[in-house]
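Worksheet: the structure to be examined is printed underneath.
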Amino acid sequence: MGLRRKRRGQGLLAMGFLAPNIIGFLAFTLVPLVLSMVLAFSNWDLSRHNMFKDASPEFRGFSNFVQFFGERDFWKYLGNTLFLMMGIPFSIAGSLLLAILLSKDLRGGNRRNWGYLMIAAVVVATVVMAFSVNALVAGGHIGSAFTVVLTGIACGLLVVGVSGGSTVYRTLFFVPHFVSGVSVFILWKHLYRPNIGPFTLALQGPLNGLSQWVNCTGQWVFIAGKYAMVALAAVLMGYGLNKLRRMYRDGGIGWFALIQPVGLILLPAVLAQWWFATVWVKAAGIAWPVSGAGIVLAAAAALWLAVQALLFRRKQDFPCESGEGLGTGLMLAAVVMIGQLVLIGLGMAWRYLPNAAAGPEGIEPPLWLQDVHWAKPSLMFMGLWASIGSNNMLLYLAGLSNVPQELYEAADTDGAGRFQKFWHITWPQLAPTTFFIVVMSVIGGLQGGFEMVRTMTQGGPAGATTPLSYFIYTVGFESGRLGYASAVAWVLFLMIFVATLFNWRFGNRYVNE
Amino acid sequence: MRLLFSVTAAVLVLASVAVYLAQPRVAADKPVIYWMTDENPAREQQIELFYQWLEENRGELNAFLASRASSGNGRESTRAECYLLVDSSANEWQKKIIQGVSGVAGDVIDVWCTNIQFFSDIGFLRDVTEEARELGFDVGRTYPAMRNELTVDGRQVAFPCNVTVHLYWVNLNEFERVGMEPPPKSWTLDEFERIGKEYVRRANQPGAPRMHFFADGMDPMVMRRTFGVSTFNETCTRCVLDDAGVRERYVAALRLQKRWMYEDKIIPTPAEQASLASEASYGGTGPQLLNRGAYAMFRSGRYMLIQFRQFQQSRLQRGDEPLRLAVSHPPHLDFPNSSTGTRAAAVYAGSDHQDLAVLFLAYLASEQYNMQIVRDADALPPNPRYTETREFRKPVPPGVPEPPRSPGPDAGDDEVRRFERDLEEYHEQYPLARYWRQGEWGTHEVFADAAGTIAVGYTYSPFVIYATWDRIEREEREKFFNNLQSAEATAAETAVRINEEIQRRTGERPDLSRRYEELVEIQRRVDDRVEQLESLAKDEPVPPELKIPADWVLNAFHRKLYSDRGWLDWD
Numbered sequence: 000m001g002l003r004r005k006r007r008g009q010g011l012l013a014m015g016f017l018a019p020n021i022i023g024f025l026a027f028t029l030v031p032l033v034l035s036m037v038l039a040f041s042n043w044d045l046s047r048h049n050m051f052k053d054a055s056p057e058f059r060g061f062s063n064f065v066q067f068f069g070e071r072d073f074w075k076y077l078g079n080t081l082f083l084m085m086g087i088p089f090s091i092a093g094s095l096l097l098a099i100l101l102s103k104d105l106r107g108g109n110r111r112n113w114g115y116l117m118i119a120a121v122v123v124a125t126v127v128m129a130f131s132v133n134a135l136v137a138g139g140h141i142g143s144a145f146t147v148v149l150t151g152i153a154c155g156l157l158v159v160g161v162s163g164g165s166t167v168y169r170t171l172f173f174v175p176h177f178v179s180g181v182s183v184f185i186l187w188k189h190l191y192r193p194n195i196g197p198f199t200l201a202l203q204g205p206l207n208g209l210s211q212w213v214n215c216t217g218q219w220v221f222i223a224g225k226y227a228m229v230a231l232a233a234v235l236m237g238y239g240l241n242k243l244r245r246m247y248r249d250g251g252i253g254w255f256a257l258i259q260p261v262g263l264i265l266l267p268a269v270l271a272q273w274w275f276a277t278v279w280v281k282a283a284g285i286a287w288p289v290s291g292a293g294i295v296l297a298a299a300a301a302l303w304l305a306v307q308a309l310l311f312r313r314k315q316d317f318p319c320e321s322g323e324g325l326g327t328g329l330m331l332a333a334v335v336m337i338g339q340l341v342l343i344g345l346g347m348a349w350r351y352l353p354n355a356a357a358g359p360e361g362i363e364p365p366l367w368l369q370d371v372h373w374a375k376p377s378l379m380f381m382g383l384w385a386s387i388g389s390n391n392m393l394l395y396l397a398g399l400s401n402v403p404q405e406l407y408e409a410a411d412t413d414g415a416g417r418f419q420k421f422w423h424i425t426w427p428q429l430a431p432t433t434f435f436i437v438v439m440s441v442i443g444g445l446q447g448g449f450e451m452v453r454t455m456t457q458g459g460p461a462g463a464t465t466p467l468s469y470f471i472y473t474v475g476f477e478s479g480r481l482g483y484a485s486a487v488a489w490v491l492f493l494m495i496f497v498a499t500l501f502n503w504r505f506g507n508r509y510v511n512e
Numbered sequence: 000m001r002l003l004f005s006v007t008a009a010v011l012v013l014a015s016v017a018v019y020l021a022q023p024r025v026a027a028d029k030p031v032i033y034w035m036t037d038e039n040p041a042r043e044q045q046i047e048l049f050y051q052w053l054e055e056n057r058g059e060l061n062a063f064l065a066s067r068a069s070s071g072n073g074r075e076s077t078r079a080e081c082y083l084l085v086d087s088s089a090n091e092w093q094k095k096i097i098q099g100v101s102g103v104a105g106d107v108i109d110v111w112c113t114n115i116q117f118f119s120d121i122g123f124l125r126d127v128t129e130e131a132r133e134l135g136f137d138v139g140r141t142y143p144a145m146r147n148e149l150t151v152d153g154r155q156v157a158f159p160c161n162v163t164v165h166l167y168w169v170n171l172n173e174f175e176r177v178g179m180e181p182p183p184k185s186w187t188l189d190e191f192e193r194i195g196k197e198y199v200r201r202a203n204q205p206g207a208p209r210m211h212f213f214a215d216g217m218d219p220m221v222m223r224r225t226f227g228v229s230t231f232n233e234t235c236t237r238c239v240l241d242d243a244g245v246r247e248r249y250v251a252a253l254r255l256q257k258r259w260m261y262e263d264k265i266i267p268t269p270a271e272q273a274s275l276a277s278e279a280s281y282g283g284t285g286p287q288l289l290n291r292g293a294y295a296m297f298r299s300g301r302y303m304l305i306q307f308r309q310f311q312q313s314r315l316q317r318g319d320e321p322l323r324l325a326v327s328h329p330p331h332l333d334f335p336n337s338s339t340g341t342r343a344a345a346v347y348a349g350s351d352h353q354d355l356a357v358l359f360l361a362y363l364a365s366e367q368y369n370m371q372i373v374r375d376a377d378a379l380p381p382n383p384r385y386t387e388t389r390e391f392r393k394p395v396p397p398g399v400p401e402p403p404r405s406p407g408p409d410a411g412d413d414e415v416r417r418f419e420r421d422l423e424e425y426h427e428q429y430p431l432a433r434y435w436r437q438g439e440w441g442t443h444e445v446f447a448d449a450a451g452t453i454a455v456g457y458t459y460s461p462f463v464i465y466a467t468w469d470r471i472e473r474e475e476r477e478k479f480f481n482n483l484q485s486a487e488a489t490a491a492e493t494a495v496r497i498n499e500e501i502q503r504r505t506g507e508r509p510d511l512s513r514r515y516e517e518l519v520e521i522q523r524r525v526d527d528r529v530e531q532l533e534s535l536a537k538d539e540p541v542p543p544e545l546k547i548p549a550d551w552v553l554n555a556f557h558r559k560l561y562s563d564r565g566w567l568d569w570d
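So the protein lines, in turn, are chains A and B.
Note that numbering that gives the first Met the number 0 numbers the first sequence so that position 510 is 509, with each residue one more than the last.
Note that numbering that gives the first Met the number 0 numbers the second sequence so that position 161 is 160, with each residue one more than the last.
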């Protein structure tokens, strides 16, 4: 009896300790969550359903969801969200690279080497600074002053980093993560100021030089450059498709699972056809577009498909289920697709250089957040800066310290090079970490962007930077349609859930393999 | 641990009780009302004046409160006594909505006019029509253009704290620097363009990035209206931007605005604005840019003087010349107009002290409050009568005596010389007074006159929320400015999106749907009459039977336009 009473007393005490947290969770998380789910199926409108009005919200079934998918800007906002997420692979790659660099001993291994390194760093910094200051004195304009400031900071970091070792760099790279978001956004807004912002000023000098070079260079260089980039994109496409074919042969991916990755890899060819054609049509004013670069990609894709169609007639060497290997295939396809898009984009930019340089002011730096085409990449770039040195880097650092040294020793014995060691040991060993980072980044990408957009662009110009999270806010508070806003929020949740499920289902298998 | 937990819990409970008891509403010996407004040092003085006003009018106000209480309105106070506290923590409109629908908003709510219709539609602004009539703060006490801003379906829900008319502040020093005559008070679009081109040519180095602009911008609404275009029809039941006859004029307005930004470069593009702007303070970055000559003109209201007077003080301390200012109207084509708005105060319908909050609105119409606005130059006073005062038109810095009076046109040479000598001595003794005199004298009356002549309020449709259609119009306009679509497509897309929103809202709300049907029917009659009125010869008198009843026209633009043409029947 006494024991039971004592246990009950301890239980009550424990509940007492836990109660504030539980009450907080119930009041501010669970209840609003459940309410918002209920609201999503109602027509709750602040202007009709509140303490001053008699009307009650009505059940609307799925009509909010149907309405959302019919929303004229739904695809645009979804597109904006996905565009901003295109930075995720780069951010993960950056974090990994950074973690690998920072896991190395930056002080040369012993005191003597460290001394040499210090001397080298100081010499390099002195020479670079001397050149910069000389350029400032000779040039005497504000752009050079910014260059001096930037090189000064870089040199300072070099010297401090060499003297303090990787700890200095680890701290520096992690700084963006623990600085308040809004202050970082305001800082970047200033960095992105057109005409007189630091980025613009730093770019102005090099771009002036580039303009002069472009104006003295033959057109063929730019045409050839564009086709070289397109050819590289075609090679990358071929590489991706070939890799998929090999996977198919080896039983790594089934025929049904192969369709989606192939589609993704071919998508840039289609998009390029459309982009090049749009530019071409605008210039020529002709009804149906056919462009050289688009043709190159489309022809390469068609040729490959034709060849593969013949090859696929052969049976798989190691048969597998038709749906197997989808996750791996899609991961590969996503990387190849983004790589192709980047190459095609670079090709287009390269081809456009003579036109830009021919203007009265030469090639001008972008207007960053004020330009409808640059606003999203600008935000993405800022996101990259913030995420490369974030928790992802720490996770990779932790993951790297867990890779068994014996594996590297065995690889050394087998005569493996650095890249081989990375590809066959480090990368597979880091797969669980990468998987976790990918899942969290996708969730963050789909959810995120609200504070950034609200602080920096308010969704503009022309809605070019409005992600779904900002759209929810606009619907909820601009027009008071809380039922509809809740439905949109739940659609966003479903997207995140499906993406996570997908990652879990297919990525996890890859990790465990 | 158990003891620690118990002690912590007990301390928290006691602290909560102490905080509750220390709340003004619990601890005060008089009722406390909260005013949701911005954090502004002037509010303290305004509150002091409110107490004085209550004291001076106690008898009358007590009688009013007693009559309200006897009419069985519930928890009304019977004595005109209260504490007024500022609540500046929830001054954003989203927070006001959340607090309003949750029953915890302040008793008096500051509302920018474009939010009044939405807040009223939600239901948390109290109808004060009867009290306004009784206590003398009805819409007839303020500017004619404010009628549309303060009423919803003919019922008054707010009274102005101040009234803003947006005109161009002109930096006369800048025009002198480039050797040009300052612009006229009233001018056409062609004159604006011609003078603007000449200014930017003289003010900027050839080939260098443009650092001086003629003006900070042109309000798209004013531009559209001067071309005779409104987003909506007379009854605000439909967006008409893509209608034949309207589209062409809207397209012309859009193209002209784009040309001024991107070709003539007399007003900055959004990118250039962003590059010029540094840290913003009160009123944004525009005032600083005007002060340093980056803008020769800057669109704003009289309240900018709060900032300009600080600049004058700084200039005096540095020994610089005064910032000499003038004011010009927005340029016009067919319809001279400027935008006007108000920061108004409304009574929260969920307040426990609505009767006392109503008194605060009555105070806003009083001499004490109006003269405080006059002295602070915080835009125009709610009551236009006070713009006739010398303190409004020829202000002097606080604590400085009036300057010597000008002897008048019939004065002899000696008298004029004596006046000039006295004035010089006066300026030597009170140097800031010279800065004010040269800086702002002559500008105040332009704002006051514009408020009664060319000022037109915003357009509100009962069927689409202002913030929504304004955003749609802005987004589509930005697409045109960013070369993503043609001007014609901009007109079409804007109309389609706004009309879709009207259809959605009327489809979802039976109350709106009924009103919509009524107004669509009225619109047909308006269209008939407008057609007949337009067919009249220019000098032909308007037959009374053709005049349009004023209450048929909800759109502030059409109301002003037709009123100026003599087409409205006000009976």
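Built from N, CA and C at the ideal position, the CB exists for glycine as well.
Note that the C-beta distance between Pro19 (chain A) and Gly482 (chain A) is not below 8 Å. Looking at the backbone, the Cα of Glu173 (chain B) and that of Ala461 (chain A) are separated by about 34 Å. Counting every other CB atom within 10 Å of its CB across the protein chains shown gives Tyr261 (chain B) a total below 16, marking it as exposed. Looking at the backbone, the Cα of Met246 (chain A) and that of Val234 (chain A) are separated by about 18 Å. Within the segment 95 to 106 of chain B, those residues whose Cβ lies closer than 9 Å to any Cβ of chain A are, in chain order, Ile96, Ile97, Gly99, Val100, Ser101, Gly102. Shown here, Gln155 (chain B) sits in a strand according to DSSP, grouped into three states. According to the DSSP assignment, Thr505 (chain B) belongs to the alpha helix (DSSP H) that extends over 486 to 507. By the Cβ neighbour-count rule, Lys29 (chain B) is exposed, with fewer than 16 other Cβ atoms within 10 Å of its own. At least one CB atom of chain B sits nearer than 8 Å to the CB of Lys52 (chain A). Contact with chain A is found for Lys478 (chain B), since one of that chain's Cβ atoms lies less than 8 Å from the residue's Cβ.
Look at the segment 109 to 127 of chain B: the residues with a C-beta under 9 Å from a C-beta of chain A are Phe117, Asp120, Ile121, Gly122, Phe123. When secondary structure is reduced to three states using DSSP, Ser179 (chain A) falls in the coil class, being assigned neither helix nor strand. Secondary structure in the segment 272 to 308 of chain B: the beta strand (DSSP E) runs of 3 residues or longer, each lying completely within the stretch, are 294 to 299 in chain order. It is roughly 56 Å from the alpha-carbon of Ala129 (chain A) to the alpha-carbon of Trp440 (chain B). Under a criterion of Cβ atoms nearer than 9 Å, no residue of chain B is adjacent to Arg248 (chain A); the nearest Cβ is some 46 Å distant. By the CB criterion at 8 Å, Tyr425 (chain B) and Arg125 (chain B) fall outside the cutoff. Going by C-alpha positions, Val122 (chain A) is about 14 Å away from Ser131 (chain A). Residues of chain A whose Cβ lies closer than 9 Å to the Cβ of Pro208 (chain B) are, in chain order, Asn194, Ile195, Glu360. Contacts between Asn42 (chain A) and chain B, judged by CB atoms closer than 7 Å, involve Glu507 in chain order. By the Cβ neighbour-count rule, Ile22 (chain A) is exposed, with fewer than 16 other Cβ atoms within 10 Å of its own. Here Ala344 (chain B) carries a strand assignment [DSSP, helix/strand/coil]. Under the 8 Å criterion on CB atoms, Ile464 (chain B) is classed as interfacial with respect to chain A.
At a cut-off of 8 Å between beta carbons, Glu271 (chain B) contacts chain A.
Only buried fits Asp354 (chain B), as 16 or more other CB atoms lie within 10 angstroms of its CB. For Glu474 (chain B), the residues of chain A that pass the 7 Å Cβ criterion are Ala461, Gly462, in the order they occur in the chain.
Proximity of chain B to Leu12 (chain A) at the Cβ level (cut-off 9 Å) is accounted for by Met0, Arg1, Phe4, in chain order.
Trp273 (chain A) is classed as exposed because its beta carbon has fewer than 16 other beta carbons within 10 Å across all chains shown. Residues of chain B whose Cβ lies closer than 7 Å to the Cβ of Ser478 (chain A) are, in chain order, Ile464, Thr467. Within the model, the alpha-carbon separation for Ser210 (chain A) versus Glu180 (chain B) is close to 40 Å. Going by C-alpha positions, Ser162 (chain A) is about 55 Å away from Val85 (chain B). In its chain, beyond the 5 residues on either side, Gly135, Phe136, Arg140, Phe158, Pro381, Asn382 have a beta carbon closer than 7 Å to the beta carbon of Ala364 (chain B).
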